[in-house]
Every structure is written in structure tokens, then in C-alpha cells.
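Novice: Mapped onto this note's numbering, the consecutive letters of the sequence shown carry residue numbers 1 to 459.
We treat Cβ as the ideally placed atom computed from N, Cα and C, and that holds for glycine.
Below is one structure. I have some questions about it.
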Amino acid sequence: MKLWGGRFSKATSGLVDDFHSSISFDQRLYEQDIQGSIAHAVMLGEQGIIPEEDARAIVQGLKEILEDARAGKIEWHVDAEDIHMNVETLLTQRIGEAGKRLHTGRSRNDQVALDMHMYAREACQDTVHMLEDLVGALLDTAEKHLDTIMPGYTHMQKAQPITLAHHLMAYVQMFLRDREHFLQAGKAADIMPLGSGALAATTYPLNRERVASLLGFSRITLNSLDGVSDRDYLLDYMYAASLTMMHLSRFCEELILWNTNEFHFVEMDDAFSTGSSIMPQKKNPDVAELIRGKTGRVYGSLMGLLTTMKGLPLAYNKDMQEDKEGFFDCRDTVIKSLTVFTAMFRTLTFRTGDMLRGADGGFTNATDLADYLVRKGVAFRDAHRIVGELVAHCVKENKAILDLTLPELQAFHPSFDADVYDAISMQTCVQKRNIPGGPAPEAVKAAISQARAMLDSRA
Ligand code: ARG
């Protein structure tokens, strides 16, 4: 018989059991569910709501179930519907009458909310750690490439020279923002809903603060309807995860491009590439492609839950059981993607010679040449036109600006002097951009120490 079977005169249809049971996926909450129940039972005993010896028996029984569950020794049952009723049924089978007192002053609605708050809180911490690993790897590599010149792009056209360190530091900023988002989501999850009951709290004198402190929560929820029907903290995580996946996906897209024969800026390690079943020469960047691809399912989980929640009247509705599979998948996907990406990134070989050649060809110093004329007294608009004409000439002659002789340059404007070659070398172009946030090695060094300081400070 079902735990709630008292008012029913027929068994549930097998179709319904199969359809509404959540044990196939919420069994992953056993740890949270049992720890939550232990805290609840301890408090019930302390408050004299149930006899102390029953509380002790319940705690002991739950601890044993937890050990067995961790050892994979427990078989969860569909007819017990979900993790909450599976644990309670098992407890009563094992310890008898006392087990029936565990659910005093509690509903599955606040119980599942508690489990998900605990689970999400941990997911946030885990994801923050993964992001910190990734940022650490990026900073280590950036430090080695402060002087590695590469072309920077706009419209996928070569624009101005930057350094590899500067490019990597752009991603560091993104992932540091992601980390802040997950820390924020962690705060939203860090609130204890037990005591909300089914929707209207309870008549028992529960000590909610005590349960919160036993479970390491900083706050308790302040409205019982909201306590059981809030899923915002899951959405916070999923939004943060969507941003992280978007950032990873953009990075992967660049690495795939840089790994092509045409760019030849990086070489992916054999251990992180795969071959083709027909073309013997192939070495494909599948890992990066898969991360880019998995971004879609993470966005999907966010959209799915937003849509599930949008029409729900207060308070709990069974629709909300649909939060779990999407959330679990989202968490698993972002954590796996971060893990694999960081490992792949650490094994990349950067082809610095090709990067420099890429920066050299393509007139990335044209802006600096115009600025050179400005320093010689030419108005910027005129300098822009003169350099434009000069670039058109070079394109026709298939030359770089630095290939032109001084008399050739002077044919475009008499102010060109011998010092022009130094003024528009790739190194000068980068070094001159020495303001906070710029690509000059000194500026990037400062950005790296700021990033390290941020990693060390836990908000
Ligand atoms: N398995 C349910 C869920 O995940 C637990 C809460 C069920 N509550 C209820 N009144 N049916 O949402």
C-alpha cells in the first residue's frame, strides 16, 4: 500500500506509477534527503514533538540507510514513487513504529525543496571550483605568452596586433564573471525551506533555525507558499551555466578555427583529438565541437524550467517535479565540459611563429601608421586617407607596408622618415597600447595579478 493510500479504494494504474514516479532520477538526492531527515528528526526530538528515543532510533536507522545507499546496496522501488517515500518506507521496514513519526510536521513539498536547495548549493560550489581550475590554467599560459604577438580580429578580418596573453585574458574575464554568477546562485540556494509544510507551514512548534544550523544553511525561507514553490535558485544556476557554456563555446569555436590548416595557430594534442573512419589523414577537434554542441542542451534546460514555471499557481504543483532531470543534466554537462576543456587546454601547443606571421601580413599596423603621421602634424582624417591609398598600393604590389622603401613611402607623404619602420613594427604596435585593459605586456601583467587576487578572494 502507498504511504498516502488511506483514502483510496483502488490501486494506482501501472501506467500512472510509471508516469509519475521520479525515483529513476531523484535517487541521486538520497544523500541530501537522508541528511535533511536526520536534521528534522533531531529537531523533532529536541522540541519534544516526538519521543527522544524515537528520534534516536530514526537517526540511527537513517545513518545505516545512508551507508548502504553509498555502498550501492539499496534497491529503490518505483511503487514507492520518489526518493522521499523510498527512504521513509525503508526506514519503517527497518526500525518499525518509530519510523512512522519521521514525517511529523513535514510535507514532501518542503522536503523536496530542502533536498534541491542542498543539491544546488553543492553544485554551485563544485562549478566554482571547476571555473577556478580553468582560470588558473589560462593565467599560467597567459604568463608565458605576454610577448607572443598574434593578429586581433574584427569581422573575422585582421584588425590590429595583440598578444596571445591578451586574447586569453579576455576569456579569463568571462570566466571570472561566471564564477561570480555561481557564487550568487550559491547564495540563493543557501536558504532552508523546511517548516513550510505542504503550503501553510505547520501547527507543530518546529525549530526551523535549528534545522538550518544543523544543515549549514545561513537563512530560512520567510514565506511558506514561496518556500515550497520557489525554483528561482535552480534557474539562477542554469542561467549561470548557460553563460559559462556560451563562453566555452566561443572559445571552442576559436580553437577549432585556430587548429585548421589555414590558421595553424594551435595544435591539439592527440589525446584530445579523434580520427576518421575513412580518411586516414584526419585529426578532428571533436572535444571542442562537442562542448560547442552541448551548449544547446544547457540553454534547453534553462528554457524548459522557465516555461514549466511560468503558469503555475501557488503553491506546489506536480509540474515542478520536472525541474530535476533538466537541472541534473545541466549541472553534469557544465561540470563535464569544464573538466574536459581545462584538460584539453593544458595540452594545446601554440604555434607562435604562425601567429606572428599572421599579424605581420594583413596591414594590422595601418592604424599605427596613420597615428605616426598624426604625430608628424597631419590631421587624422587626412592620415587615414593617405594610409588607405598606401594599403591599396601594397595590395596591388602584393607587399606589406614594412616592405616599402623610404622613398616609396615618401611618395605618399613627405613626413615619412627613417623612424617609421620602428614606429609600426608589430612589437611597437603592441607595446604602445599600454593602458589598463590594453594588450601591452605590462598592462596584461597587471591584469593577470588582478585576476589572481580575485581568485584568492572568496566573495
Ligand atoms: N517527487 C516530487 C517532486 O519532485 C516530490 C514532491 C511531491 N509532492 C506531492 N505533493 N506530490 O516534486
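Sort 240, 289, 82 and 282 by Cα distance to residue 253 and report the nearest one.
Specialist: Looking up residue 253 in the sequence shown gives position 253. For residue 253, the nearest C-alpha among the options comes from 289.
Novice: Give every residue of the same chain whose Cβ lies closer than 6 Å to the Cβ of residue 99, excluding the five residues on either side of it in the sequence, and list them in chain order.
Specialist: Mapped onto the sequence shown, residue 99 falls at position 99. Once the five neighbours on either side are set aside, the close Cβ partners of residue 99 are 91 and 92.
Novice: What do you get for residue 291, buried or exposed, if any count of 16 or more other CB atoms within 10 angstroms of its CB means buried?
Specialist: Sequence index remark: in the sequence shown, residue 291 carries index 291 (1-based). Buried: at least 16 other Cβ atoms inside 10 Å.
Novice: Using DSSP with H/G/I as helix, E/B as strand and the rest coil, what is residue 152?
Specialist: In the sequence shown, residue 152 corresponds to position 152, counting from 1. Note: residue 152 maps to strand in three-state DSSP.
Novice: Taking only the alpha-carbon atoms, compute the straight-line gap between residue 220 and residue 182 and give it to the nearest angstrom.
Specialist: Position 220 of the sequence shown, counted from the first residue, corresponds to residue 220. Position 182 of the sequence shown, counted from the first residue, corresponds to residue 182. Each residue's alpha carbon lies about 20 Å from the other.
Novice: Run through the DSSP bridge pairs and tell me what residue 160 is partnered with.
Specialist: As a working note, residue 160 is residue 160 in the sequence shown. DSSP, once it has assigned bridges, lists 152 as partnering residue 160.
Novice: Would a C-beta distance cut-off of 8 Å place residue 245 and residue 337 closer than the cut-off?
Specialist: In the sequence shown, counting from the first residue as 1, residue 245 sits at position 245. In the sequence shown, counting from the first residue as 1, residue 337 sits at position 337. Against a cut-off of 8 Å, the Cβ pair of residue 337 and residue 245 comes out as a contact.
Novice: Beta carbon of residue 22: closer than 7 Å to some heavy atom of the ligand ARG?
Specialist: Taking the first residue of the sequence shown as position 1, residue 22 is located at position 22. At least one heavy atom of the ligand ARG is nearer than 7 Å to the Cβ of residue 22, so yes.
Novice: Compare the C-alpha of residue 296 against each of 242, 55, 190 and 85 and name the closest.
Specialist: On the sequence shown, position 296 is the one that residue 296 refers to. Nearest option by C-alpha distance: 242.
Novice: In this structure, what does DSSP give as the bridge partners for residue 52?
Specialist: Taking the sequence shown and counting its residues from 1, one reaches residue 52 at position 52. The partner list for residue 52 (beta bridge, DSSP) is empty, contrary to what the question assumes.
Novice: Here's the rule I'm using: 16 or more other beta-carbon atoms within 10 Å means buried, otherwise exposed. How should residue 155 be labelled?
Specialist: What you label residue 155 is simply residue 155 of the sequence shown in a count that begins at 1. By the neighbour-count definition (other C-beta atoms within 10 Å, threshold 16), residue 155 is an exposed residue.
Novice: Name the two residues that bound the continuous alpha helix (DSSP H) containing residue 258.
Specialist: Start at 1 with the first residue of the sequence shown, and residue 258 comes out as number 258. Where residue 258 is concerned, the enclosing alpha helix (DSSP H) stretches over 232–258.
Novice: Where do the N-terminal and C-terminal ends of the alpha helix (DSSP H) with residue 41 fall, by residue?
Specialist: Walking along the sequence shown from the start, residue 41 turns up at place 41. Looking at the DSSP string, the run of the alpha helix (DSSP H) that includes residue 41 is 30–46.
Novice: Within 10 angstroms of the Cβ of residue 4, are there 16 or more other Cβ atoms? Answer buried if so, exposed if not.
Specialist: On the sequence shown, position 4 is the one that residue 4 refers to. Residue 4 counts as exposed, since fewer than 16 other beta carbons sit within 10 angstroms of its beta carbon.
Novice: Confirm the yes/no value for this check: CB of residue 321, any heavy atom of the ligand ARG, distance under 7 Å.
Specialist: Within the sequence shown, numbered from 1, the residue matching residue 321 stands at position 321. Because some heavy atom of the ligand ARG lies under 7 Å away, the Cβ of residue 321 counts as near it: yes.
Novice: Residue range of the alpha helix (DSSP H) that residue 310 falls in?
Specialist: For the purposes of this step, residue 310 is taken as the residue at position 310 of the sequence shown. Run containing residue 310: none; DSSP gives neither H nor E here.
Novice: My assumption, with CB atoms under 8 Å, is that residue 141 sits in contact with residue 168. Please give the rounded CB distance.
Specialist: As a first step, residue 141 must be located in the sequence shown, where it is residue number 141. As a first step, residue 168 must be located in the sequence shown, where it is residue number 168. Confirmed, about 6 Å.
Novice: My output table needs one value for residue 220: the three-state DSSP class, helix, strand or coil.
Specialist: To locate residue 220, count along the sequence shown from 1; it is residue 220. Residue 220 falls in the strand class under three-state DSSP.
Novice: Tell me whether residue 320 sits in a helix, a strand or coil according to DSSP, three-state version.
Specialist: Working through the sequence shown from its first residue, we reach residue 320 at position 320. Looking at residue 320 - three-state DSSP - the assignment turns out to be helix.
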